[in-house]
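Everything on this sheet refers to the single structure shown next.
2 protein chains.
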Amino acid sequence: MSVTLTDVAQVAGVSVATASRVLSHSDHPVNSQTRQRVQQAADELGYRPNLIARNLRLERTFTLGVVLENVAEFFTSLILRGILDYFAGSAYSIIILNTYYDERTEIEAVKALIRRSAEGIIFIDTAMHSVEDIASPNAIPSVFVNRRYKVAEKHCIIPDNRHNAQLATEHLVKLGHRRIAYIGGPEGWEATYERHAGYCDVLTQYNLSYQPPMVAEGDWQLASGYQSAQRFARLPNPPTAIFASNDRMALGAIYALHDDGKCVPEDVAVVGFDNRAFTELVRPAITTVSLPGHEMGQTAARLLLNQVEGQDLPRGIVPTCGQMIVRESCGALHTNSQ
Amino acid sequence: MSVTLTDVAQVAGVSVATASRVLSHSDHPVNSQTRQRVQQAADELGYRPNLIARNLRLERTFTLGVVLENVAEFFTSLILRGILDYFAGSAYSIIILNTYYDERTEIEAVKALIRRSAEGIIFIDTAMHSVEDIASPNAIPSVFVNRRYKVAEKHCIIPDNRHNAQLATEHLVKLGHRRIAYIGGPEGWEATYERHAGYCDVLTQYNLSYQPPMVAEGDWQLASGYQSAQRFARLPNPPTAIFASNDRMALGAIYALHDDGKCVPEDVAVVGFDNRAFTELVRPAITTVSLPGHEMGQTAARLLLNQVEGQDLPRGIVPTCGQMIVRESCGALHTNSQ
DNA sequence: GTGAAAGCGCTAACAT
DNA sequence: ATGTTAGCGCTTTCAC
Chain A
23 MSVTLTDVAQ VAGVSVATAS RVLSHSDHPV NSQTRQRVQQ AADELGYRPN
73 LIARNLRLER TFTLGVVLEN VAEFFTSLIL RGILDYFAGS AYSIIILNTY
123 YDERTEIEAV KALIRRSAEG IIFIDTAMHS VEDIASPNAI PSVFVNRRYK
173 VAEKHCIIPD NRHNAQLATE HLVKLGHRRI AYIGGPEGWE ATYERHAGYC
223 DVLTQYNLSY QPPMVAEGDW QLASGYQSAQ RFARLPNPPT AIFASNDRMA
273 LGAIYALHDD GKCVPEDVAV VGFDNRAFTE LVRPAITTVS LPGHEMGQTA
323 ARLLLNQVEG QDLPRGIVPT CGQMIVRESC GALHTNSQ
Chain B
23 MSVTLTDVAQ VAGVSVATAS RVLSHSDHPV NSQTRQRVQQ AADELGYRPN
73 LIARNLRLER TFTLGVVLEN VAEFFTSLIL RGILDYFAGS AYSIIILNTY
123 YDERTEIEAV KALIRRSAEG IIFIDTAMHS VEDIASPNAI PSVFVNRRYK
173 VAEKHCIIPD NRHNAQLATE HLVKLGHRRI AYIGGPEGWE ATYERHAGYC
223 DVLTQYNLSY QPPMVAEGDW QLASGYQSAQ RFARLPNPPT AIFASNDRMA
273 LGAIYALHDD GKCVPEDVAV VGFDNRAFTE LVRPAITTVS LPGHEMGQTA
323 ARLLLNQVEG QDLPRGIVPT CGQMIVRESC GALHTNSQ
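Protein chains in written order, with my numbering: chain A, 23 to 360; chain B, 23 to 360.
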């Protein structure tokens with residue numbers, strides 16, 4: 023039913039070898055007249071190379087895997103899009119496996135990819151602590167995005183949390199704020215420590231004192247931002263600005279300030295982190311730090327391809343800088359606050 | 023380097039045929055002792071079947087494609103997750119192609135899938151008007167999700183917009199509202215007509231009159247919801263409730279009411295549509311209609327598999343019902359409004 | 001510049 | 001119940 027190379031060769035009056043040389047764009051020399059005859063025969067017959075057969079012969083699969091915790095997570099989908107875009111139009115097929123933050127599912131996903139002879143894997147948001155239980159760490163080329171791999175000798179594309187937190191804090195300083203409170207994440211998260219460090223860096227840089235009552239520990243959820251801001255408001259000398267280390271907590275802080283009769287940004291400026299979709303819909307629209315997810319995906323794709331195609335670049339952490347998205351909640355758009 | 027069936031057969035002291043029969047779970051009878059020997063040899067050698075070779079022989083690819091407009095669209099990613107979940111652990115590989123609402127990219131995507139001999143395609147959010155230009159409509163099994171295919175004889179899993187709009191409208195009626203305004207979508211969208219019809223159905227059912235000044239045409243964006251609500255507020259006899267046919271317009275309406283000094287839901291109840299993530303974060307949290315994206319994805323996967331495996335069920339539209347998500351903006355949680 | 005032929009790893013018809 | 005063998009469609013040596 024389907025037309026094969028043999029059919030094309032027959033119609034063109036050449037051997038399969040020649041037909042193959044023409045149609046697989048081999049660099050073996052072929053007479054231009056013959057070439058044309060083969061091409062024409064292929065066109066007429068509607069020849070489509072059987073990639074399975076080709077791959078069997080070539081001992082390759084041109085299959086890459088993406089193992090991720092949850093496609094429906096916005097940032098993850100952005101990274102994924104970057105990866106898909108990078109490979110769009112290429113010979114590679116990208117197959118995707120969702121692991122739902124479950125280590126066993128993760129292991130199954132990697133096994134499935136090995137079974138399909140995937141040539142490389144990109145892990146998004148995945149610690150994959152057990153990757154070496156399945157395949158020796160270097161057996162299959164892999165790149166980690168948005169999560170650090172515990173063993174160093176892997177490509178890891180991660181946000182430069184420290185730098186990005188500096189960005190946010192400095193933005194507030196430059197708007198004239200001197201008493202800047204900070205709402206951090208829960209203990210145990212790398213992001214928590216790094217963002218806190220970024221906040222501290224800027225205080226030091228501008229000779230502002232670090233005041234423990236103006237630093238709260240949240241749990242990434244809205245309510246914890248609310249409570250933290252409430253606490254700040256009761257201080258004898260409350261902050262004029264709050265940097266919340268994610269957008270949900272920033273929104274919680276804004277609600278607390280509103281409930282306390284304060285205006286944002288007129289009375290207190292607020293800056294968030296992550297650039298979630300809701301930040302531009304709420305009132306006031308939240309100034310925040312955006313991470314280039316798409317770009318991170320592209321970088322991951324490029325680094326994986328490098329490994330797969332053998333030009334293994336030196337591996338390591340690739341920190342990625344974010345960008346301030348200035349909206350209403352920081353006051354920059356309205357007045358020179360303070 | 024990699025261990026083949028021949029290796030296993032040799033070690034087990036049997037022929038490749040027997041080894042194959044054991045390891046490919048064929049139903050051909052094999053002596054249980056031999057079976058054991060083969061299994062053991064395979065385990066010892068760490069045999070992994072070469073799927074490329076198997077697929078070449080079986081003339082199958084076990085590859086399915088998902089063509090979608092944008093993975094980073096929340097509802098799309100939900101559907102995708104349903105599909106991935108359905109095929110998790112199966113023999114099928116799912117490859118995904120992003121088309122960015124571009125018809126040419128869409129065509130390229132389908133071509134790429136045909137080139138890879140995909141056995142079926144799920145289109146999400148894609149009209150794919152040109153599918154028959156590439157392959158005759160029935161050449162490759164396919165299912166459409168969240169978009170109706172222009173030719174009838176395809177599986178289409180789409181939201182039952184009319185029913186879902188009835189749900190929202192009826193919810194307001196049951197809360198005692200009699201003057202319910204409606205903010206529709208722009209002309210040209212099927213969803214616009216269907217949701218409007220659902221709104222009308224309920225008015226009729228409860229003997230409420232359809233009042234043109236209480237029906238506005240929006241463009242799905244926040245600002246159009248704002249303007250519509252503003253117009254409603256200026257009516258001599260303004261509505262006590264607004265049903266906006268998407269969440270962004272619902273939020274816009276809430277802002278307009280606030281700016282007009284009205285309280286939501288105390289003065290005016292608002293119901294949205296889509297259950298976007300922000301609806302539970304804003305103030306008041308928006309009552310809305312949720313679509314079962316994950317379930318729609320699973321259904322699509324099941325219907326595709328049916329086609330691929332030859333038991334072609336009768337094709338047609340599969341309308342999917344949504345569910346009311348009751349939050350604050352409709353007033354149901356606070357009081358028996360009105 | 002072209003062709004004949006081997007063989008990638010596997011399955012299944014056919015023979016025993 | 002087991003083995004022999006052909007062949008899936010392709011690429012690539014090797015010979016001419």
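Even for Gly, the Cβ is constructed at its ideal location relative to N, Cα and C.
Going by alpha carbons, who is nearest to residue i out of the options?
| i | options | result |
| --- | --- | --- |
| I74/B | Y248/A, F84/A, G68/A and T262/A | F84/A |
| Q252/B | L327/B, Q233/B, T191/B and A272/B | A272/B |
| A213/B | K284/B, A266/B, E141/B and L78/B | A266/B |
| V348/B | P258/B, G332/B, Q320/B and E302/B | E302/B |
| S112/A | A110/B, E91/B, C343/B and L135/B | L135/B |
| V224/A | K196/A, N53/A, V304/A and L326/A | K196/A |
| G206/B | F295/B, R43/B, V38/B and S312/B | F295/B |
| P261/B | S246/B, K284/B and I118/B | K284/B |
| P71/B | V38/B, Y248/B, V330/B and A307/B | V38/B |
| M320/A | F254/A, Q62/A and A110/A | The sequence shown places Gln at residue 320/A, rather than the Met named in the question. Ranking the options by Cα distance to Q320/A, first place goes to A110/A. |
| L313/B | V237/B, L27/B, Q345/B and P163/B | Q345/B |
| Y69/B | E128/A, R137/A and H316/A | R137/A |
| R324/A | Y108/A, Y122/A, G247/A and Y204/A | Y108/A |
| A131/A | R126/B, S115/B, V132/B and T121/B | S115/B |
| A307/B | Y277/B, P336/B and E317/B | Y277/B |
| W242/A | G274/A, P341/A and V286/A | G274/A |
| R305/B | L100/A, H280/A and R170/A | H280/A |
| I202/A | P341/A, T226/A and G338/A | T226/A |
| P258/B | M236/B, D49/B and S139/B | M236/B |
| T309/B | L106/B, R76/B, L78/B and E192/B | E192/B |
| A140/A | E81/A, I146/A and L189/A | E81/A |
| D282/B | S250/B, D269/B, Q333/B and R76/B | S250/B |
| T26/A | E128/A, L189/A, V60/A and D49/A | V60/A |
So, helix, strand or coil for residue i, using DSSP?
| i | result |
| --- | --- |
| G210/B | coil |
| G274/B | helix |
| F365/A | Nothing about residue 365/A can be read from this structure; chain A reaches only from 23 to 360. |
| P341/A | strand |
| T191/B | helix |
| E239/B | strand |
| P234/B | helix |
| L303/A | coil |
| G111/B | coil |
| G104/B | helix |
| Q36/B | One detail in the question is off: residue 36/B reads as Val in this sequence, not Gln. Coil. |
| C222/A | helix |
| V132/A | helix |
| F84/A | coil |
| T309/B | strand |
| N168/B | coil |
| G315/B | helix |
If residue i sits next to residue j, beta carbons under 8 Å apart, how far is it from one beta carbon to the other, in whole angstroms?
| i | j | result |
| --- | --- | --- |
| G87/A | I143/A | 4 Å |
| V93/B | L102/A | 6 Å |
| P163/A | L326/A | 6 Å |
| V293/B | C343/B | Not a contact, Cβ separation roughly 16 Å. |
| A263/B | H177/B | That pair is no contact at about 37 Å. |
| L67/A | V33/A | 6 Å |
| E91/B | Y122/B | 7 Å |
Please classify residue i as buried or exposed, where buried requires at least 16 other C-beta atoms within 10 Å of its C-beta.
| i | result |
| --- | --- |
| A354/A | buried |
| L244/A | buried |
| H47/A | exposed |
| N53/A | exposed |
| H218/B | buried |
| E350/A | buried |
| T98/A | buried |
Closer than 9 Å, Cβ to Cβ, to anything on chain A: give me those residues from the stretch 326 to 353 of chain B, in chain order. none
Members of the stretch 268 to 279 of chain B near chain A, C-beta cut-off 8 Å: R270, L273 and Y277
Closer than 9 Å between beta carbons: that is the criterion. Which residues of the stretch 100 to 119 of chain A meet it against chain B? L100, L102, R103, L106, D107, A110, G111, S115, I116, I117, I118 and L119
Along the stretch 246 to 268 of chain A, what residues have a CB closer than 7 Å to any CB found in chain B? none
Residues in the stretch 63 to 77 of chain A having any Cβ partner in chain B nearer than 9 Å: Cβ contacts with chain B come from R70, P71, N72, L73, I74, A75 and N77.
Within 7 Å of chain A by C-beta, residues of the stretch 278 to 310 of chain B in sequence order: A299, F300, L303, V304 and R305
Residues from the stretch 223 to 245 of chain A in contact with chain B, defined by Cβ distance under 8 Å: L244
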